[in-house]
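K.L.:
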Amino acid sequence: MSGERILIVDDIDTNLEVLQRRLERQGYQVFAAYHGQEALDVLQNQMVDLIISDILMPVMDGYDLCRHCQKDERLKHIPFLFYTATYTDDKDHRLGLSLGARMFIIKPQPRRDLLRLIEQALGHKASIEPSKPSPAALSYIAEKEYTELHGERVGAKLEQKIEQLERANRLLQKQLNEDDKLRTVLSESEAHYRILSDASPVGVYLIQDGLLQYVNQCLIDVTGYTADEMIGKMTPLDLVTEASRPLMIEQMRKRLAGEQALAHYSCQGLTKSGELIDFEVHGAVVMHQGRPALTGTLLDVTARKRAESELEEYRNHLEEQVEQRTAELAKANEHLQELDKLKSMFIASMSHELRTPMNSILGFTDLILQGMTGDINDIQRDQLTRVNRSGRHLLALITDVIDLSKVEAGKVAAIPTDFALPALLSEVIQDIQFEAEKKAMVIHLQLDEVMDIFTDRQRLMQCLLNILSNAVKYSKQGDIVVTATKQGQELVIDIQDHGIGMSEEQVSLLFKPFVRLDSELTVKAGGTGLGLYLTQKLMQEVLDGSISVRSQSGIGSCFTLRLPCHLKPKKTNLNRGEK
Amino acid sequence: MNKTALIIEDNPDNMVLICFILEKSGYHILQAVRGEDGVDMAVEHHPDVIILDIQLPDINGKEVAKRIRASKADAKIPIVAMTSFAMLGDKEELLEAGCDGYIEKPIDACKVMDQIQHVIQSVRGCAV
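Chains H and V, in that order, give the protein sequences.
By my numbering, the letter at position 188 of the first sequence is numbered 188, and the numbering carries on one by one without gaps.
Positions in the second sequence are counted from 1; adding 1000 to them yields my numbering.
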């Protein structure tokens, strides 16, 4: 580089420094001045090759400096550049050039462009040296005209500056107002937060530099420490047991480092009085006084944990109880099954053991009463008749009780067969005929058709015998009518007598066990009190049917047996069953 | 010649009762208390009728009937089962075992001889 000298004029330090450094880096020798007057002072002692000047400056502005230089024979050949950020109007441009300036450059310019322009200006100097009067300079701009133009430009610039300042001022004012508002909102928000925090049933903390910087009332209550004891003196680790510290340290470190930390974690707390409590910690990172801090909540879950463990214990206990109870029940069930088996065996053996002695009691009295062993007198006959009758009664009781216990134990399963109902009815009537004839009673059988039926013949016969023998027993006279009809899917057998009949009250007691209705015939009839009860059980539980009765005291009773009719009746002309 | 009846019965009272009734009807009586003895006597004496109790101290009546039917004894000897073991299905089992008839205890002293005669007739196909 040539080491050419450049004078730069600017009232702002930074502008001067930046430009000076740039130019010096290019090898130029740089002189600086703060305003026009100072520039002229510099030029008194120091010749330069180029002047770069700002316009708006105190004491003497750029326009005046340029004009002075152009007037001075010694200085007027130095190329003059305006370099400005504020005088950007076309009129400024024109005024500048009319004063003899070589160039009018608008700030900012890219560094390279600026340097190129500077080189260009220095080149002009070489080409025009030795100096000639600048083109039309003085003649072109008269003193008066310059003063007017200059005044106008400076005035315009000042107005612009004032306007800018006012705008800046208004902006500042506005910002101040907003700051005020912001401060109010902030302090209100802070107050809200404090109230919320202190009223919270959850512990709230703030930790910075490893120490507690804020604790709310709840945390004070839970830990037993005062705020003074904690704030700025204790670390959060002082609030938990040794065992919980590694987890807490790890979580706090991760949070501060911005790593993935747990949303919440449990740890065991230790109060001032040494009591153990269960905490659940929810943490977060916040800025506090411009630096990161840890905040969050501490939830005392001691009661919950205790309740949970009690519940768990209770549940276990309950399960244990259930298991124990189940085992007991299983054992009881086993025992019951054994008892049930024993009962069945008991019933079976009773059936044999009780009936066997009856064989000789009834057999021998029968023989004697028949006269097969020789003559007996009337008193002996009367007494033996009583023994025989009691024996028959006892046998009937034994038979009924055994039958009943079998039905009640569910040991009687129906063994259904296909058979003709009329034949069965005839058989039953035949059995009872002897007793009926004693009372001069006739048993009528009325059937419209031969009906086949599919049911347990033996059990149905037992029921029919029971009802029919009752009809004979409890009648003094009058015929008995047995009717069988088919009604829909049911077979209906009516047994109508003209006996003593029953009152409504008596009917209601009829099917109860060991109930014997009071009447003059009751004693003579010698029933067991189980017959109808057993018949009803057999009808309902074994034969899937039912038994019902209609009766009028003194007129007679009608017993009705209903059975499901599984087979269709066969029409026939024969009334085989009729007597 | 007197007709012979073999009575197999372990209850002494019942034995006396049925013996008396049969003797009255002119039967010569053979008695067995145990089932196996009954089988032996049936083979040895060829009775005209056998009255068989079902519950016996050694083998039960069903077994007795089966053994008699399997023995050299006359295949046509009527066997009348007599029992209070009146459970359902018993009757069928007894007939299957070889019995010809079945009389339920307690017996009716007036009717029992008729019942026995009825069984004998059904086997022999004629009046005895």
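By construction, the Cβ of each residue, glycine as well, lies at the ideal position given by its N, Cα and C atoms.
Look at the alpha carbon of LYS473 of chain H and the alpha carbon of ALA1042 of chain V, and state the distance between them as a whole number of angstroms.
P.N.:
Residue mapping note: residue 473 of chain H aligns to position 473 of the first sequence, counting from 1. Residue mapping note: residue 1042 of chain V aligns to position 42 of the second sequence, counting from 1. Near 46 Å, if we compare the C-alpha coordinates of ALA1042 of chain V and LYS473 of chain H.
K.L.:
Could you check if TYR28 of chain H is buried or exposed, using at least 16 other CB atoms within 10 Å of its CB as the buried criterion?
P.N.:
For the purposes of this step, residue 28 of chain H is identified with residue 28 of the first sequence, where counting begins at 1. TYR28 of chain H is buried by the Cβ-count criterion.
K.L.:
Quick check: is the beta carbon of SER360 of chain H nearer than 7 Å to any beta carbon in chain V?
P.N.:
Start at 1 with the first residue of the first sequence, and residue 360 of chain H comes out as number 360. Chain V contact via Cβ: present.
K.L.:
Considering only the beta carbon of each residue, do GLY224 of chain H and LEU298 of chain H sit closer than 7 Å?
P.N.:
On the first sequence, position 224 is the one that residue 224 of chain H refers to. On the first sequence, position 298 is the one that residue 298 of chain H refers to. The answer is no: Cβ separation not under 7 Å.
K.L.:
Just checking: is the beta-carbon of SER1084 of chain V within a distance shorter than 7 Å of some beta-carbon in chain H?
P.N.:
Stepping through the second sequence from its first residue, residue 1084 of chain V is reached at position 84. Chain H contact via Cβ: present.
K.L.:
Could you name the residues of chain H that CYS1110 of chain V contacts, counting a contact when the two beta carbons are closer than 8 Å?
P.N.:
Looking up residue 1110 of chain V in the second sequence gives position 110. Per Cβ cutoff of 8 Å: ASP366, GLN370.
K.L.:
Given ALA1109 of chain V, which residues of its chain have a CB within under 6 Å of its CB, disregarding the five upstream and five downstream residues?
P.N.:
As a working note, residue 1109 of chain V is residue 109 in the second sequence. Result list for ALA1109 of chain V: empty, nothing under 6 Å.
K.L.:
With 8 Å as the limit, tell me which residues of the segment 461–480 of chain H have their beta carbon closer than that to any beta carbon of chain V; keep them in chain order.
P.N.:
The residues in question: there are none.
K.L.:
Using three-state DSSP, classify VAL154 of chain H as helix, strand or coil.
P.N.:
The sequence position of residue 154 of chain H within the first sequence is 154, counting from 1. Helix at VAL154 of chain H.
K.L.:
Measuring CB to CB, does THR86 of chain H end up less than 7 Å from LEU56 of chain H?
P.N.:
On the first sequence, residue 86 of chain H is found 86 positions in, with the first residue counted as 1. On the first sequence, residue 56 of chain H is found 56 positions in, with the first residue counted as 1. Against a cut-off of 7 Å, the Cβ pair of LEU56 of chain H and THR86 of chain H comes out as a contact.
K.L.:
Name the two residues that bound the continuous beta strand (DSSP E) containing PRO564 of chain H.
P.N.:
Along the first sequence, one-based indexing puts residue 564 of chain H at 564. Per DSSP, PRO564 of chain H belongs to the beta strand (DSSP E) from 556–564.
K.L.:
Between the alpha carbons of TYR193 of chain H and TYR214 of chain H, how many angstroms are there, rounded?
P.N.:
Taking the first sequence and counting its residues from 1, the one referred to as residue 193 of chain H is at position 193. Taking the first sequence and counting its residues from 1, the one referred to as residue 214 of chain H is at position 214. Between TYR193 of chain H and TYR214 of chain H, the C-alpha separation is close to 12 Å.
K.L.:
Write down the C-beta distance between LEU465 of chain H and ILE432 of chain H rounded to the nearest angstrom, noting that I regard them as a contact closer than 8 Å.
P.N.:
By 1-based counting over the first sequence, the position of residue 465 of chain H is 465. By 1-based counting over the first sequence, the position of residue 432 of chain H is 432. With 8 Å as the limit, LEU465 of chain H and ILE432 of chain H qualify as a contact, their Cβ atoms being about 7 Å apart.
K.L.:
For ASN1014 of chain V, would you say it is in contact with chain H, using Cβ-to-Cβ distances shorter than 7 Å as the test?
P.N.:
Working through the second sequence from its first residue, we reach residue 1014 of chain V at position 14. At least one chain H Cβ lies under 7 Å of ASN1014 of chain V.
K.L.:
Buried or exposed for LYS272 of chain H, please, with buried defined as at least 16 other CB atoms from any protein chain shown within 10 angstroms of its CB.
P.N.:
Your numbering for residue 272 of chain H matches position 272 in the first sequence. Classification for LYS272 of chain H: exposed.
K.L.:
Looking only at DSSP bridge pairs, what is ALA39 of chain H linked to?
P.N.:
Here residue 39 of chain H is taken as the residue at index 39 of the first sequence, counted from 1. Its beta-bridge partners do not exist; DSSP assigns none.
K.L.:
Excluding sequence positions up to five away, which residues of its chain have a Cβ less than 8 Å from the Cβ of ILE220 of chain H?
P.N.:
Residue 220 of chain H sits at position 220 when you count from the first residue of the first sequence. Cβ neighbours of ILE220 of chain H beyond the five flanking positions: THR226, ALA227, MET230.
K.L.:
By DSSP's criteria, PHE364 of chain H is part of a beta bridge. Which residues make up the other side?
P.N.:
For this step, residue 364 of chain H is matched to residue 364 along the first sequence. DSSP output for PHE364 of chain H lists no bridge partner at all.
K.L.:
Does the Cβ of ILE38 of chain H have 16 or more other Cβ atoms within 10 Å, making it buried, or fewer, making it exposed?
P.N.:
Here residue 38 of chain H refers to the residue found at position 38 when the first sequence is read from its first residue. Position check: residue 38 of chain H holds Glu in this sequence, whereas Ile was assumed. The residue is buried, with at least 16 neighbouring Cβ atoms inside 10 Å.
K.L.:
Give the residues of chain H in contact with ASN1011 of chain V, contact being defined as C-beta atoms less than 7 Å apart.
P.N.:
The sequence position of residue 1011 of chain V within the second sequence is 11, counting from 1. In chain order: THR356.
K.L.:
Would you please verify whether the beta carbon of LEU1017 of chain V is less than 7 Å from any beta carbon of chain H?
P.N.:
Indexing the second sequence from 1 puts residue 1017 of chain V at position 17. Yes, because at least one Cβ of chain H sits closer than 7 Å to the Cβ of LEU1017 of chain V.
K.L.:
So if DSSP puts ILE277 of chain H in a beta bridge, which residue, or which two residues, is it bridged to?
P.N.:
One-based indexing of the first sequence puts residue 277 of chain H at position 277. According to DSSP, ILE277 of chain H bridges with H:GLY269.
K.L.:
Can you give the beta carbon distance from VAL9 of chain H to ALA33 of chain H, rounded, assuming they're within the 8 Å contact cut?
P.N.:
Here the question's residue 9 of chain H lines up with position 9 in the first sequence. Here the question's residue 33 of chain H lines up with position 33 in the first sequence. 5 Å between Cβ atoms; contact.
K.L.:
Smallest Cα separation from LEU276 of chain H: which of H:LEU294, H:GLY283, H:THR302, H:VAL286?
P.N.:
Counting from 1 along the first sequence, the entry for residue 276 of chain H is found at position 276. Measuring from the Cα of LEU276 of chain H, the nearest candidate turns out to be H:THR302.
K.L.:
What is the rounded straight-line gap between the Cα of ASP1100 of chain V and the Cα of HIS1028 of chain V?
P.N.:
For the purposes of this step, residue 1100 of chain V is taken as the residue at position 100 of the second sequence. For the purposes of this step, residue 1028 of chain V is taken as the residue at position 28 of the second sequence. Rounded to whole angstroms, ASP1100 of chain V to HIS1028 of chain V spans 21 Å at the Cα level.
K.L.:
Check LEU262 of chain H in the structure and name its three-state DSSP category.
P.N.:
If you number the first sequence from 1, residue 262 of chain H lands on position 262. Coil.
K.L.:
For a contact meaning CB atoms closer than 9 Å, what does LEU395 of chain H contact in chain V?
P.N.:
Locating residue 395 of chain H in the first sequence gives position 395, counting from the first residue. Per Cβ cutoff of 9 Å: PRO1106.
K.L.:
Anyone know if the C-beta pair for THR560 of chain H and SER548 of chain H falls short of 7 Å?
P.N.:
The sequence position of residue 560 of chain H within the first sequence is 560, counting from 1. The sequence position of residue 548 of chain H within the first sequence is 548, counting from 1. Yes, these two residues count as a Cβ contact at 7 Å.
K.L.:
Let me see if you follow: with CB-CB separation under 7 Å, is HIS317 of chain H close to chain V or not?
P.N.:
To locate residue 317 of chain H, count along the first sequence from 1; it is residue 317. Judged by the 7 Å Cβ criterion, HIS317 of chain H is not in contact with chain V.
K.L.:
What are the boundary residues of the alpha helix (DSSP H) that VAL472 of chain H is part of?
P.N.:
To locate residue 472 of chain H, count along the first sequence from 1; it is residue 472. Looking at the DSSP string, the run of the alpha helix (DSSP H) that includes VAL472 of chain H is 457–473.
K.L.:
If we cut at 7 Å on Cβ distances, does HIS352 of chain H have a partner in chain V?
P.N.:
Working through the first sequence from its first residue, we reach residue 352 of chain H at position 352. At least one chain V Cβ lies under 7 Å of HIS352 of chain H.
K.L.:
Could you tell me if GLY269 of chain H is buried or exposed, where buried requires 16 or more neighbouring beta carbons within 10 angstroms of its beta carbon?
P.N.:
The residue given as residue 269 of chain H occupies position 269 in the first sequence. Per the 10 Å Cβ criterion, buried.
K.L.:
Quick one: residues in its chain with C-beta nearer than 8 Å to the C-beta of GLY577 of chain H, no 5 flanking neighbours on either side, listed in chain order?
P.N.:
For the purposes of this step, residue 577 of chain H is identified with residue 577 of the first sequence, where counting begins at 1. In this prediction, GLY577 of chain H has a pLDDT of 36, which is less than 50 and means its spatial position is unreliable; nothing more can be read from the coordinates.
K.L.:
Please return the same chain residues whose Cβ sits closer than 6 Å to the Cβ of GLY96 of chain H, not counting the five positions on each side in sequence.
P.N.:
Along the first sequence, read from residue 1 onward, the residue named residue 96 of chain H stands at position 96. Around GLY96 of chain H: PHE82, PHE104.
K.L.:
Considering just the uninterrupted stretch of the alpha helix (DSSP H) at GLN380 of chain H, what are its terminal residues?
P.N.:
Here residue 380 of chain H corresponds to residue number 380 of the first sequence, with the count starting at 1. Here the alpha helix (DSSP H) through GLN380 of chain H covers 378–408.
K.L.:
If we cut at 7 Å on Cβ distances, does GLY556 of chain H have a partner in chain V?
P.N.:
Here residue 556 of chain H refers to the residue found at position 556 when the first sequence is read from its first residue. Judged by the 7 Å Cβ criterion, GLY556 of chain H is not in contact with chain V.
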